[in-house]
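Undergrad: Just so you know, the sequences run in chain order A and B. Numbered per our numbering, the first sequence finishes at 292, counting up by one with no gaps. Numbered per our numbering, the second sequence finishes at 245, counting up by one with no gaps. Think of the CB as a built atom: it goes at the ideal place given N, C-alpha and C, for glycine as much as any other residue. Pasting in a structure now, in structure tokens, and then I'll have a few things to ask.
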Amino acid sequence: MSIESFVQTLVFGIFVGGIYGIAAMGLALVFGVLKMLNIAHGELLMLGGYATFWAFSTFGLDPFVSLAIGIPVLFAIGLALDRAVYHRIVRLLGEEKIKNSLLVSFGLTLVIQNLATALFTADERTVQVSYAGIGLNLLGVTFPYTRLLSLVIALIVTLALSYFLHRTYPGKAILGTAEDFEAAELAGINIQRVYMLTFALGASLASIAGTLVTVIYGISPSIGITWTLKALIVIVLAGTGSILGAFPAGILLGVVEAVSGAFIGSTYREVVGLVIFLLVLVLRPQGLFGRN
Amino acid sequence: MTKFLDVHGINAFYGDIQALRDVSLKVNEGEIVGLIGANGAGKTTLMRVISGLHPPSSGTVKLRDTALHPLPAHQIVEEGVILVPEGRRLFGGLSVLDNLELGAYARRARGSRFRTLKHVFELFPLLAERQGQRASTLSGGQQQMLAIGRALMGLPKLLMLDEPSLGLAPVLVEIIFEIVKRMNNEGVTIFLVEQNARQALELANRAYILEQGRIVGKGTGKELLHDHQVQQAYLGYALTGEILK
Chain A
1 MSIESFVQTL VFGIFVGGIY GIAAMGLALV FGVLKMLNIA HGELLMLGGY
51 ATFWAFSTFG LDPFVSLAIG IPVLFAIGLA LDRAVYHRIV RLLGEEKIKN
101 SLLVSFGLTL VIQNLATALF TADERTVQVS YAGIGLNLLG VTFPYTRLLS
151 LVIALIVTLA LSYFLHRTYP GKAILGTAED FEAAELAGIN IQRVYMLTFA
201 LGASLASIAG TLVTVIYGIS PSIGITWTLK ALIVIVLAGT GSILGAFPAG
251 ILLGVVEAVS GAFIGSTYRE VVGLVIFLLV LVLRPQGLFG RN
Chain B
1 MTKFLDVHGI NAFYGDIQAL RDVSLKVNEG EIVGLIGANG AGKTTLMRVI
51 SGLHPPSSGT VKLRDTALHP LPAHQIVEEG VILVPEGRRL FGGLSVLDNL
101 ELGAYARRAR GSRFRTLKHV FELFPLLAER QGQRASTLSG GQQQMLAIGR
151 ALMGLPKLLM LDEPSLGLAP VLVEIIFEIV KRMNNEGVTI FLVEQNARQA
201 LELANRAYIL EQGRIVGKGT GKELLHDHQV QQAYLGYALT GEILK
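What follows is the structure, given as structure tokens:
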């Protein structure tokens, strides 16, 4: 393998990894704060993808511009889902909470997926922008514009979330609630509201990931579970307490998959990702970027 | 002195186990009131009931004319009733300053938080020195100061402290109790749970004794300090006095 094609493989791994990172970050945020695994995260991602697709095919809106529609729409859907369903589960304790959150979010997965099939058909949809297929060429390595833009957006979103969580008052309230929800209540924080906001933010992050997925791969109603699983691998790599660690962990998974795909064969790409997932669980259960 | 906190007929359960039985007590404005009792007597449960973390099965909690027991915990904070919980419960991954800022999250405290912060830094100069440090890296005594500082940021009218001396060296216990006294002089009413009964009774104007979920005694701090039964049960006189006779 030539140096150029190896570097090209790395670069593509990083591009894909950026999407993994954003897909995982929303799941990690909800998991870290509400302490429940939202299996339907991939379905929210799928809905975000359709927002992009319809905005493009109906109004000819550029997919990256359509983020301005997808994010608020999924934020609202997130608010509604929290009010209707999740806020009842968050209150439960221990095993009851784990079981119920898994069951309910798995049920929602089926509901949303079937609704999407009924409304949008099961066809795979793609978005063909005018600048698709062209890109920068540096020393024999290609950087397609769509992927470059996707990575830039992933990076901006990560930095924005970091700023929000660490520098703003509601962000700190979210982090405080994640650490100790009772102590947060005693500080005067309305944790029900924090949960609602967090879930809506998680849905917005899913929507952003959905847009990037649609631009690069295309979308169909059944893609959700694949992305939930991918996101799950990434948050285990990052460490379950680490929300922003999802971004570097996503990049790592993307690169590992790309490199192993090139060297061992693309059929084993997913396997290598899962092997790393198991290795981290066994050797470093707190994750690569988690604390203790 | 006017009636301030009025706890009436509280029953509370953990599953099938009854932790509080018909507990009634009062705290007047400006007082320091202690609550002493053995481990597992229900002291912490009572604190959790008053602060809204544990709903009672029956009974009422009132602050002046406002019923607190139907309110969620964050609104009880909004009423000015603030608990420093057992074990401090800091936001360990956040900085000292972030912990203090979050203490002023309640609407009634938020506006004046920079002024309050100055005051808290005066009380605990050490917290000012370490404001950028992660809370989990503080020592036990410093963590307790931060826990109290965080509660003060919420501008308490009634400050409740659950075992503030737990696990602290005697010197630090002195400092914590000094601060409590000072807060009281500044007009904050104090409700203090302590296993360290002697110091609590010396500090408190009045105190209640909780045993197996029931209030079994009350009196002024002095009375209880000299009460024979209290001495035997809580002040470590045990049987030595009798043996010496």
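Could you tell me how far apart the beta carbons of Val272 (chain A) and Val282 (chain A) are, in whole angstroms, since I believe they sit closer than 8 Å?
TA: Along the first sequence, one-based indexing puts residue 272 (chain A) at 272. Along the first sequence, one-based indexing puts residue 282 (chain A) at 282. Val272 (chain A) to Val282 (chain A), Cβ: 16 Å. No contact.
Undergrad: If the criterion is Cβ atoms closer than 8 Å, does the pair Leu146 (chain B) and Phe177 (chain B) meet it?
TA: Working through the second sequence from its first residue, we reach residue 146 (chain B) at position 146. Working through the second sequence from its first residue, we reach residue 177 (chain B) at position 177. No, the pair does not count as a contact, with Cβ atoms beyond the cut-off.
Undergrad: Excluding the five sequence neighbours on either side, which residues of its own chain have a C-beta within less than 7 Å of the C-beta of Phe164 (chain A), listed in chain order?
TA: One-based indexing of the first sequence puts residue 164 (chain A) at position 164. Only Gly171 meet the Cβ criterion.
Undergrad: What is the DSSP secondary structure of Gly217 (chain B), counted as helix, strand or coil?
TA: Position 217 of the second sequence, counting from 1, holds the residue named residue 217 (chain B). Reduced to three states, the DSSP call for Gly217 (chain B) is strand.
Undergrad: Would the beta-carbon of Phe199 (chain A) fall within 8 Å of that of Val7 (chain A)?
TA: Within the first sequence, numbered from 1, the residue matching residue 199 (chain A) stands at position 199. Within the first sequence, numbered from 1, the residue matching residue 7 (chain A) stands at position 7. No, Cβ-Cβ distance for Phe199 (chain A) and Val7 (chain A) is not below 8 Å.
Undergrad: Does Arg64 (chain B) come out as helix, strand or coil in the three-state DSSP assignment?
TA: Within the second sequence, residue 64 (chain B) is the residue found at index 64, counting from 1. Arg64 (chain B): coil per DSSP, three-state reduction.
Undergrad: At the 8 Å Cβ level, is Ile189 (chain A) part of the contact set with chain B, yes or no?
TA: Taking the first residue of the first sequence as position 1, residue 189 (chain A) is located at position 189. Ile189 (chain A) counts as touching chain B.
Undergrad: Is the separation between the beta-carbon of Ile43 (chain A) and that of Arg89 (chain B) shorter than 8 Å?
TA: For the purposes of this step, residue 43 (chain A) is taken as residue 43 along the first sequence, with counting starting at 1. For the purposes of this step, residue 89 (chain B) is taken as residue 89 along the second sequence, with counting starting at 1. One point to set straight first is that residue 43 (chain A) is Glu, not Ile, in the sequence displayed. No; because the gap between Cβ atoms is not below 8 Å, this pair is not in contact.
Undergrad: Relative to the C-alpha of Arg190 (chain A), which residue among B:Lys3, B:Leu53 and B:Asp22 is closest?
TA: Within the first sequence, numbered from 1, the residue matching residue 190 (chain A) stands at position 190. Checking the sequence shown, residue 190 (chain A) turns out to be Asn, not Arg. Checked all of B:Lys3, B:Leu53 and B:Asp22; the closest Cα to Asn190 (chain A) is B:Leu53.
Undergrad: Could you please give the first and the last residue of the uninterrupted beta strand (DSSP E) stretch that includes Leu158 (chain B)?
TA: The count along the second sequence starts at 1 and reaches residue 158 (chain B) at position 158. Per DSSP, Leu158 (chain B) belongs to the beta strand (DSSP E) from Leu158 to Asp162.
Undergrad: For Gly70 (chain A), name the three-state secondary structure that DSSP assigns.
TA: Residue numbering aside, residue 70 (chain A) sits at position 70 when the first sequence is read from its first letter. Helix at Gly70 (chain A).
Undergrad: Considering only residues of the same chain and omitting the five flanking positions on each side of Arg300 (chain B), which have a CB-CB separation below 6 Å?
TA: Residue 300 (chain B) lies beyond the range of chain B shown here (1 to 245); nothing can be said about it.
Undergrad: Note down the Cα distance separating Ile36 (chain B) from Glu122 (chain B), rounded to an integer number of angstroms.
TA: In the second sequence, the residue the question calls residue 36 (chain B) occupies position 36. In the second sequence, the residue the question calls residue 122 (chain B) occupies position 122. C-alpha separation (whole angstroms): 30 Å.
Undergrad: Is Thr45 (chain B) helix, strand or coil by DSSP?
TA: If you number the second sequence from 1, residue 45 (chain B) lands on position 45. Thr45 (chain B): helix per DSSP, three-state reduction.
Undergrad: Does the beta-carbon of Val275 (chain A) have 16 or more other beta-carbons within 10 angstroms, so that it is buried, or is it exposed?
TA: Taking the first sequence and counting its residues from 1, one reaches residue 275 (chain A) at position 275. Val275 (chain A) is exposed by the Cβ-count criterion.
Undergrad: Taking 7 Å as the limit between beta carbons, can you name the residues of its chain near Gly3 (chain B), skipping five residues before and five after?
TA: Within the second sequence, the letter at position 3 stands for residue 3 (chain B). According to the sequence provided, residue 3 (chain B) is Lys. The question's Gly does not apply to it. Lys26 and Asn28, listed in sequence order.
Undergrad: Using the beta-carbon count (16 or more within 10 Å), is Ser150 (chain A) buried or exposed?
TA: Along the first sequence, one-based indexing puts residue 150 (chain A) at 150. Buried: at least 16 other Cβ atoms inside 10 Å.
Undergrad: So, do the stretch 214 to 222 of chain A and the stretch 46 to 65 of chain A have three or more beta carbon pairs nearer to each other than 8 Å?
TA: Segments in contact, yes.
Undergrad: Could you check the C-alpha separation between Glu290 (chain A) and Gly241 (chain A) for me, to the nearest Å?
TA: Taking the first sequence and counting its residues from 1, the one referred to as residue 290 (chain A) is at position 290. Taking the first sequence and counting its residues from 1, the one referred to as residue 241 (chain A) is at position 241. The sequence shown places Gly at residue 290 (chain A), not Glu. Rounded to the nearest angstrom, the two C-alpha atoms are 6 Å apart.
Undergrad: Examine chain B for any beta-carbon lying closer than 8 Å to the beta-carbon of Asp123 (chain A), and answer yes or no.
TA: Within the first sequence, residue 123 (chain A) is the residue found at index 123, counting from 1. With 8 Å as the cut-off, Asp123 (chain A) does not count as an interface residue toward chain B.
Undergrad: Helix or strand or just coil, what does DSSP make of Tyr20 (chain A)?
TA: Locating residue 20 (chain A) in the first sequence gives position 20, counting from the first residue. Helix, per DSSP.
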